[in-house]
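J.: Okay, handing you the structure first.
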Amino acid sequence: MAGLTLPMTIALAGLIANVQAASTQECCNLVSSISLNVLGEDAQAYETERTDFWSTTAWLRPSCVFMPQTSSEVAEAVQIMVENDCQLSVKGGGHSTIPGAANIDDGVLMAMKHINTTEVNIEEGYIRVGSGALFQSIYDTLDPLGLAAIVGRVGVVGMGMAVGAGISYFTNELGLVVDNVVAYEMVLANGTFVEVSSTQLPDLFWAMKGGNNNFGVVTHLKLRTIETAGAVFGGVITYPEASLDDFGTLLYDYHVRQAVEAPKTHVLPQYYYNGTTNTVGAVAAIVYNDDVETVPEIQQGWMEIDATSNTVQRRETYADLVDQVRDTSGDGLVQEQRTLTIYADEALMKDFWQAYHAWLQQYQHIQGLYAIHVQMPITPRAVAQGYANGGNALGFDPAENRTLSVIVWSLSIDNIEDTEEILPAHREFISSMEEMASSRGLLHPYIMLTYSAHDQPAIASYGEENVQRLQEIRDIYDPGHVFKTLIPGGQKLQD
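Counted the way mature numbering (1 follows the signal peptide of the UniProt record, and there is no 0) counts, the sequence shown spans residues -21 to -1, 1 to 474.
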């Protein structure tokens, strides 16, 4: 694959313009001609596959489900889709809450679950993983070798963040997930296989680091591996309502001191509200990426405030740690996430949570209401690591030298029928929080794609210059804008 080259212009624009669109059933029949792994609506496993998502907001009804087993099948299918103007969606781990990001109504769902291999190249320092792999399998593969990859923190999540942004246990030290991708193996709009890296098609490599599904279908990724210390210190602490002010103080300190001065630290902090019991509290995964027997001094504050439970300890493997840091919401519930970014500020960060708590109590009557509020730093060092690794499309300015905070508001409810009441109100509430941050001069334009809602302009938030560069790169590799028109879901690069 490394030897493949690509002409600088792909002559597809005319082809797309002259295509007569096939019916969705014809598209399914065409894919069935190249693979036995196609499920029609009458197949026993069809319902399982179309609903195999974290959130019911992603439960759509594709005309068929195609589960390729090889990259060649992906390439053939893409070529068929383009030649016949068939709409499709591509699913990796299925963890996006955005309707259509990884599923489709009346089109072909390409589910990558069988392209899930993990192959370690110790000499060259990477692990090659299929785009259908989940993070748990990566940790399970690398732990016995004393290695780790810079991937997500929850085992059931998939590789989508590797084209979005991605925060890992190692982000404070080594940067975002996208900044630690060595190469993308992908299929372009004309069915061509390419391997994209800092030395092969470097413009496309830059675009993929934040470009989402706008440039091709990723079949495999090569992810940088690092040597671990042979153990990790970490676990989860749960805090009661009475500790939340101290929790907020520590959370700000983590942003501007702990994560900056001790980049081996990592904290995944979240406030929570349980509408069923009308209770609040906080949960934090406390991690130190080294083999130590006790919590380092700089993280002692997390251990000292009153807590209701604490599992922090030395662990032999990252897989053990990941098992502790599980999702708070199970598959099949209605989920929504919204996000914005601010310059870290203690008063604003505390005000965000207090306002969210007050807002949530108005909706206690909604069955199964559970909400979390997360505040995560992107430090100057993390930004600098991105530039050191060739840059990305995200639009951070290393000259600012200020810690940012990615703010996430996440809702879970039981019934899709209740979305009409709560989701528009949730959107309005987040808009008011954006206005609050802006009025204090603390709003940053960046919207992290992997936590964004469908109507949040994540790619536009990268800035005019980066968006224009992304458009220029798309016009080279996808002049017919196939991955905008034929894969309509998810965060799209606009014209």
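We put the CB at the ideal spot given by N, CA and C, even for glycine.
1. Taking residue 380 as the reference, give the member of 473, 323, 211 and 162 with the closest Cα.
2. Fully enclosed by the region 151 to 202, which beta strand (DSSP E) runs are 3 residues long or longer?
3. Decide yes or no for the touch test of the region 33 to 41 against the region 64 to 77: beta carbon pairs closer than 8 angstroms, at least 3 of them.
4. If you draw a straight line from the C-alpha of residue 133 to the C-alpha of residue 172, how long is it?
5. Short check: CB of residue 203 to CB of residue 169, under 8 angstroms?
6. In the DSSP assignment, what residue or residues form a beta bridge with residue 45?
7. Do you know how far the Cα of residue 279 is from the Cα of residue 475?
8. Look at residue 248 and residue 261 and say whether their C-beta atoms are less than 8 angstroms apart.
9. What residue range is occupied by the uninterrupted alpha helix (DSSP H) comprising residue 5?
10. Is the Cβ-Cβ distance between residue 53 and residue 25 less than 8 angstroms?
11. Measuring straight from C-alpha to C-alpha, what distance separates residue 476 and residue 86?
12. On the DSSP letters alone, give me the boundaries of the beta strand (DSSP E) that residue 33 sits inside.
13. Strictly by DSSP, which residues pair up with residue 388?
14. For residue 402, which of 127, 354, 342 and 288 has the nearest alpha-carbon?
15. Relative to the alpha-carbon of residue 361, which residue among 153, 114, 29 and 65 has its alpha-carbon at the smallest distance?
16. Quick one: measure Cβ to Cβ for residue 272 and residue 293, integer angstroms, because I've assumed they're closer than 8 angstroms.
17. Which one of 291, 339, 22 and 195 has the shortest CA to CA distance from residue 467?
18. Name the residue from 127, 122 and 91 whose alpha carbon lies nearest to the alpha carbon of residue 104.
19. Does the region 407 to 414 touch the region 453 to 464, meaning 3 or more C-beta pairs lie closer than 8 angstroms?
20. Counting beta carbon pairs with one atom in the region 310 to 326 and one in the region 199 to 218, are three or more of them shorter than 8 angstroms?
21. Is there a Cβ of chain C sitting closer than 8 angstroms to that of residue 111, yes or no?
22. Taking just the CA atoms, how far does residue 47 sit from residue 354?
23. Using 8 angstroms as the threshold, is the C-beta distance between residue 449 and residue 209 below it?
24. For residue -4, which three-state DSSP category applies?
25. Three or more C-beta pairs under 8 angstroms: does that hold for the region 139 to 151 against the region 117 to 124?
26. So is residue 265 buried or exposed if we call it buried at 16+ other beta carbons inside 10 Å?
27. By DSSP, does residue 405 sit in helix, in strand, or in coil?
28. Compare the Cα-Cα distances from residue 405 to each of 392, 282 and 51 and report the closest residue.
29. By how many angstroms is the C-alpha of residue 41 removed from the C-alpha of residue 470?
30. Quick one: what does DSSP say residue 443 is sitting in, helix, strand or coil?
31. How is residue 75 classed by DSSP in three states: helix, strand or coil?
32. For residue 134, does the three-state DSSP call read helix, strand or coil?
33. How long is the line joining the alpha carbons of residue 371 and residue 141, rounded to whole angstroms?
34. In its own chain, which residues sit with a C-beta less than 6 angstroms from the C-beta of residue 461, not counting the 5 before and 5 after it?
35. Where does residue 49 land, buried or exposed, given buried means 16+ other C-beta within 10 angstroms?
36. Do you know offhand how far residue 225's Cα is from residue 423's?
T.: In short:
1. Here the closest residue by C-alpha is 323.
2. 160 to 166 and 172 to 176
3. At 8 angstroms Cβ cutoff, the stretches touch.
4. 30 angstroms
5. no
6. 17 and 89
7. The chain is shown only over -21 to 474; residue 475 falls outside these bounds and no answer can be derived.
8. yes
9. 3 to 11
10. no
11. Outside the modelled stretch of the chain, which goes from -21 to 474, sits residue 476, for which no answer is possible.
12. Taken as a continuous stretch (DSSP letters only), residue 33 belongs to no beta strand (DSSP E), as it is neither H nor E.
13. 317 and 352
14. 342
15. 153
16. 6 angstroms
17. 195
18. Of the candidates 127, 122 and 91, the one whose C-alpha sits nearest the C-alpha of residue 104 is 127.
19. Flag = no, the region 453 to 464 and the region 407 to 414 do not touch.
20. no
21. No chain C appears in the structure shown, which is made up of a single protein chain.
22. 37 angstroms
23. Residue 209 sits away from residue 449, with the two beta carbons spaced by 8 angstroms or more.
24. Any reading at residue -4 needs caution, since the residue's pLDDT is 40, under 50, leaving its predicted position unreliable; the model's value is listed next. Of the three classes helix, strand and coil, the one that applies to residue -4 here is helix, per DSSP.
25. no
26. Residue 265 comes out buried.
27. It is helical.
28. 392
29. 19 angstroms
30. helix
31. coil
32. coil
33. Per the coordinates, the alpha-carbon of residue 371 lies some 12 angstroms from the alpha-carbon of residue 141.
34. 61 and 168
35. exposed
36. Using only the alpha carbons, I get a separation of about 26 angstroms.
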